[in-house]
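Below is one structure, written out as structure tokens, with a few remarks after it.
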Amino acid sequence: MPKHSNDRLQGTLDLLILKLLDRSGPLHGYGLAQRIHQATADSLRIEEGSLYPALQRMTHEKWLKAQWGTTDTGRKARFYTVTAAGRKQLEEEERRWVTLTEAVNRALRFA
Amino acid sequence: MSPIRRIWNVIRRRRLDDELRQEVDTHLALIEEEERLNGFSAEQARRRALARFGSPMASRERSLEAIVATWVENLCKDFMFAARRLMRSPTFTIAAVLTLALAIGANAAIFAVVHRVILNPLPFADSARVISLEDGMPSRNVPFGFNSLTTQLYYAYLERAHSLESVALYRIEDRALTGQGDPERVLTTRVTPSLASMLRVAPMMGRWFTEAEGVPGGPQVTVLSYGLWTRRYGADPNILGRTVALDGVSTAVVGIMPAWFTFPNTTVDAWTPLPLTRASATDNYSFTGVARLRRGATVAEARAELNRLHIDLERDYPGNGYRQLVAAPATLIEATIGRVSGALWIVLASVGLVLLVACANVANLFLVRSEIRQREVMLRSALGADRSAIARYFLCESVLLSMVGGILGFGLAWGAIRLLVAFGPSNLPRLTEVRLDAVALLFTLGLVMLTAVAFGGLPLLRSTPIAAALRDGGRSGTHGRSRHGTRQLLMGGQVALALVLLVASGLMLRSFQKLRAVNPNFDAASALTFRVGLPPADYPDRAHIVLAHIAIVDELSRVPGAATVSAATCLPLVEGCNQGGALFVDGQAMQPGQQPPIVLRRAVAGGFFETMGMRIVRGRSIARDDVERNEPIAVITESLARVAFAGLDPIGRRVRFGNRPLPSGDGGWLTIAGVVADTPVLALGETRALPQLYMPIFASRQVPLPPRTDAMTFVMKTVVAPAGLTAAARAAVARVDPKLALAQIRTLQELLDRSSSQMAFTMVLIAIAAVVALVLGVVGIYGVMSYIVSQRTSEIGVRLALGAEPRSVAAMILRQGSTVAIAGATVGVVAALAGSRLIASLLYGISPRDPAVFAGTTLLLLLVAALACWLPARRAARLSPLEALRTD
Chain R
5 MPKHSNDRLQ
15 GTLDLLILKL
25 LDRSGPLHGY
35 GLAQRIHQAT
45 ADSLRIEEGS
55 LYPALQRMTH
65 EKWLKAQWGT
75 TDTGRKARFY
85 TVTAAGRKQL
95 EEEERRWVTL
105 TEAVNRALRF
115 A
Chain X
-3 MSPIRRIWNV
7 IRRRRLDDEL
17 RQEVDTHLAL
27 IEEEERLNGF
37 SAEQARRRAL
47 ARFGSPMASR
57 ERSLEAIVAT
67 WVENLCKDFM
77 FAARRLMRSP
87 TFTIAAVLTL
97 ALAIGANAAI
107 FAVVHRVILN
117 PLPFADSARV
127 ISLEDGMPSR
137 NVPFGFNSLT
147 TQLYYAYLER
157 AHSLESVALY
167 RIEDRALTGQ
177 GDPERVLTTR
187 VTPSLASMLR
197 VAPMMGRWFT
207 EAEGVPGGPQ
217 VTVLSYGLWT
227 RRYGADPNIL
237 GRTVALDGVS
247 TAVVGIMPAW
257 FTFPNTTVDA
267 WTPLPLTRAS
277 ATDNYSFTGV
287 ARLRRGATVA
297 EARAELNRLH
307 IDLERDYPGN
317 GYRQLVAAPA
327 TLIEATIGRV
337 SGALWIVLAS
347 VGLVLLVACA
357 NVANLFLVRS
367 EIRQREVMLR
377 SALGADRSAI
387 ARYFLCESVL
397 LSMVGGILGF
407 GLAWGAIRLL
417 VAFGPSNLPR
427 LTEVRLDAVA
437 LLFTLGLVML
447 TAVAFGGLPL
457 LRSTPIAAAL
467 RDGGRSGTHG
477 RSRHGTRQLL
487 MGGQVALALV
497 LLVASGLMLR
507 SFQKLRAVNP
517 NFDAASALTF
527 RVGLPPADYP
537 DRAHIVLAHI
547 AIVDELSRVP
557 GAATVSAATC
567 LPLVEGCNQG
577 GALFVDGQAM
587 QPGQQPPIVL
597 RRAVAGGFFE
607 TMGMRIVRGR
617 SIARDDVERN
627 EPIAVITESL
637 ARVAFAGLDP
647 IGRRVRFGNR
657 PLPSGDGGWL
667 TIAGVVADTP
677 VLALGETRAL
687 PQLYMPIFAS
697 RQVPLPPRTD
707 AMTFVMKTVV
717 APAGLTAAAR
727 AAVARVDPKL
737 ALAQIRTLQE
747 LLDRSSSQMA
757 FTMVLIAIAA
767 VVALVLGVVG
777 IYGVMSYIVS
787 QRTSEIGVRL
797 ALGAEPRSVA
807 AMILRQGSTV
817 AIAGATVGVV
827 AALAGSRLIA
837 SLLYGISPRD
847 PAVFAGTTLL
857 LLLVAALACW
867 LPARRAARLS
877 PLEALRTD
């Protein structure tokens, strides 16, 4: 059973990370933060430091794989990629998200 | 995450930390680059980066905490659950905790004593090189331990022994301390000034003696012990330079020694210089010597060298008997604790065995408990709990139990040490310094961990595979053979250990009885003794001294309740007043190679033998008119008669200490008038009697090398309880001279008791250990048998329903229990036979394999074990078949 599935906020961050990493390929923490800003058109501002506990946890759950590499500017950084288990988790999270947002939208429309 | 991986993570914490730091640093640097491109200064970019990132430290810590916190949290939870489970079965918990507390407490207390007394007996720097200058006299059957020296030997060692770096001589004396407060007898030690530098000690305040103070006619100075300074002078910081009166001689206080310095024993009150000169060296054996080995020299080298010196001395002082002295120096550590260390190690081993019994007991309780909860454990493992989770489940309980037991035990040890210090024999060095320190705490903690693993690990060792457990763990079945096996093994082990301890305490008890049955050859009943010393300032010569002693005897005789009164320079079984020398017989020429015997000399008032109840075996005793008529007679002990006269009649023969006449030209001979039975000199049950010679106190004025008579011990035979006469005796002495003080007030019976006190102490400790082991063992047997009966209730019900006799059911249970008890006892007897020679050195007059003791203790144990089995067996027999069948 996937953990944290009931914790929506955390689940949202996990969903975002999985989705962006899945689409872009290996990224380090800074790159990932950039992508989140771009993808959400800067409307979702997160503390970039808070990515790391999430990345650690997800690596631990074996949804992500971390590998040391070098950035364009020659700095050592850890690059994260989505694993097969991560992809399954992504599908699950996406399905839940759709269900949840549909339910909330419906409620908002008919309230 | 598996626990191993979790522990690995904690160990790896640093590495994790470094990796994360690197990652975060890269991230921060990248933001800074971006912000600088946006046109911010380096400083602004840095601040913006930190703001965007949030606190990097916080972020790093949070990730790490997640890992460590869950581990700690789980551990706490495990312990809390364990505590809750234990609270739910209070009987088990209390029994286990008390058992452990008792055993751990006993071990902690005895360890604290051993640690202080044996492992750290001497508080002096480099004390391994300090030796006690002892001799043996093989020709007199004294192999070692003769610790008296003459000043002639001292100077020979001082000047010629290359293996010795320094030598010091001392003599314990009790003297009167007067001025400021009541007169008091204090124990002073006269020492050569070399003592402090030899032992590497320095006064806490003031200074030690100079060499110039150690010669005759030197200034009168003293160094006080910390005890005397605080007790009598209220730790007055201005005491230095003040004068006190020792034996009426005003003496300047020049120093105070630290509290831990109690050489040569714990009762010493003050030190004064021992005035010696080379020219006045004598062959009077009245000093004790200590020396420091030169760096690199061994005790064996010193022994060889001192023996060569003894042979040389024979040339310098022909006929003085130095040849018969065989140097047997021992390190001071050995000399101080040699006699007691064996006893203490054995006591420590005994309480160690008690701890084993306690562990076995708790392990058994634990097994029973774990079996009752077998289904719970099975359920857990069926639900996927791995072995380590089950291990945690049990270990948490055992650790918790031992911890609580350890804390209680530490409290018990604290109390026990107070008792030990209060009742311990005075010859245990540093006993009063024994306390529970960090080392004892560590030892206790170690014990706690050891016991926790010992009994907590047991259910794990035999944790069965699930399938077997399911098959076996049905509610009403009889338990598997293996499980009963473990329990019975533990039960048998307890029986064996308890028997070993019972045998040891039985042997000690018999030895003690034998020692107490030794005839001391004097009558200790209703007699009061005390010592009175006369200060040389008021009593300048022997005539004055002797008249004062006679006057005191006369005054004491008039005390109502006193039957007879006499006095001697030294009583049997008293240390510190023995003086000896070589004895020569008139007209008996020394054959070459023959040595004069070393004889202890005493001076007595009239009627001493009658007052002490000592038996005259030949001739007559020393009567009051012998003393008054100044009769130069002597009474010798039977052993001296044997040694010096080889079976011939000694009555009428003349003897003298030293082989020179008095300076006046008088021969100084004493005529032997009688022979008295031997009395023990230092200890009851001495392997060989030491020869002694008694002379009237007046006669002591006119012989060479007379015994010191300035202090004498008075003996009052009373017709009332002797202790009640103390005040009257003090008043009587005060009528002779109000400045005189009484010291060492005790009854002869106390003197006799004291000489067996160390054996009594050891015996009581081992007996306590044995009784505790026996009680724990019996409780263990009873517990196991009761449990077996309760487990077999339905089986017994079936048997009874099918017509089994209650008697045969009881016999069946009894048989099961006694088989184990007998097996345990057999192992115990074998172990005791093998181990009892270890305590042979503590025994007196009994073989370490005494059959009566072995038979008696084994019988006692088996009887008690049978009783412990019989109670559950009777319960089994009284079961009603209906109820028994319904229990499941």
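Chain order of the listed sequences is R and X.
Take the numbering used here: the last position of the first sequence gets the number 115, and nothing is skipped along the way.
Take the numbering used here: the last position of the second sequence gets the number 884, and nothing is skipped along the way.
Ideal Cβ placement from N, Cα and C applies to all residues, glycine included.
Within the region 77 to 109 of chain R, 77, 79, 80, 81 and 82 place their CB atoms closer than 9 Å to a CB of chain X, listed in sequence order. Looking at the backbone, the Cα of residue 576 of chain X and that of residue 592 of chain X are separated by about 12 Å. In this structure, the beta-carbon distance from residue 492 of chain X to residue 824 of chain X falls below 7 Å.
Using a C-beta cut-off of 8 Å, the region 510 to 530 of chain X makes contact with the region 602 to 621 of chain X, since at least three inter-stretch Cβ pairs fall below that distance.
Contact between the region 292 to 300 of chain X and the region 152 to 160 of chain X is present: three or more C-beta pairs spanning the two stretches fall below 8 Å. Interface annotation for the region 394 to 420 of chain X against chain R: empty, criterion Cβ-Cβ distance under 8 Å. Between residue 102 of chain R and residue 23 of chain R, the alpha-carbon positions lie close to 14 Å from each other. Excluding its 5 nearest sequence neighbours in each direction, residue 533 of chain X has C-beta neighbours in its own chain below 6 Å: 244 and 245, listed in chain order. Distance from the CA of residue 100 of chain R to the CA of residue 40 of chain R, rounded to the nearest whole angstrom, comes to 20 Å. At a C-beta separation below 8 Å, residue 50 of chain X has these neighbours in chain R: 51, 52, 53 and 54.
In the same chain as residue 101 of chain X, and ignoring 5 residues on each side of it, the C-beta atoms closer than 8 Å to its own belong to 404, 405, 406, 407, 408, 409 and 412, in chain order. For residue 72 of chain R, the three-state secondary structure derived from DSSP is strand. Beta-bridge partners of residue 267 of chain X (DSSP): X:185 and X:219. DSSP places residue 858 of chain X within a helical segment (H, G or I) once states are collapsed to three. At a beta-carbon threshold of 8 Å, the residues of chain R lying near residue 25 of chain X are 79, ordered along the chain.
If the five residues before and after residue 274 of chain X are omitted, its C-beta is found closer than 7 Å to the C-beta atoms of 151, all from its own chain and listed in chain order. Annotation: the continuous alpha helix (DSSP H) that includes residue 42 of chain R extends over 33 to 43. In chain order, 342, 343, 346, 497, 500, 501 and 504 place their CB closer than 8 Å to the CB of residue 762 of chain X, counting only its own chain and leaving out the 5 sequence neighbours on each side. The DSSP assignment places 594 to 600, 612 to 615, 629 to 633, 650 to 653 and 666 to 672 as complete runs of the beta strand (DSSP E) inside the region 588 to 672 of chain X, in order along the chain (cut-off: 3 residues). In the DSSP assignment, residue 169 of chain X falls within the beta strand (DSSP E) that extends over 160 to 174. Within chain R, the C-beta atoms nearer than 9 Å to that of residue 18 of chain X come from 72, 80, 81 and 82, in chain order. Residue 127 of chain X carries a strand assignment under DSSP once its states are collapsed to helix, strand and coil. Look at the beta carbons and you see the region 533 to 548 of chain X touching the region 698 to 708 of chain X: at least three pairs across the two are nearer than 8 Å. Pairing residue 192 of chain X with residue 358 of chain X, the inter-Cα distance amounts to about 53 Å. In this structure, DSSP gives residue 501 of chain X a helical state, which the three-state scheme calls helix. Within the model, the alpha-carbon separation for residue 717 of chain X versus residue 613 of chain X is close to 30 Å. With a cutoff of 7 Å on beta-carbon distance, residue 277 of chain X and residue 148 of chain X are scored as near each other. A straight-line Cα-Cα distance of about 43 Å links residue 686 of chain X and residue 436 of chain X.
Residue 743 of chain X is classed as buried because its beta carbon has at least 16 other beta carbons within 10 Å across all chains shown. Non-local C-beta neighbours of residue 62 of chain R in its own chain, meaning closer than 6 Å and more than five positions away in sequence, comprise 68, ordered along the chain. The beta carbon of residue 508 of chain X sits closer than 7 Å to the beta carbons of 752, 755, 756 and 759 from its chain, once the five residues preceding and following it are set aside; these are given in chain order.
Rounded to whole angstroms, the Cβ separation of residue 623 of chain X and residue 601 of chain X is 6 Å, and the two are in contact under 8 Å.
Look at residue 575 of chain X here: in three-state DSSP terms it is coil, with no helix or strand label. For the options X:765, X:421 and X:272, the alpha carbon positioned closest to that of residue 494 of chain X is the one of X:765. Residues of the region 19 to 35 of chain R whose Cβ lies closer than 9 Å to any Cβ of chain X, in chain order: 32, 33, 34 and 35. With respect to the 7 Å criterion, residue 326 of chain X and residue 571 of chain X are not classified as neighbours on the basis of their beta carbons.
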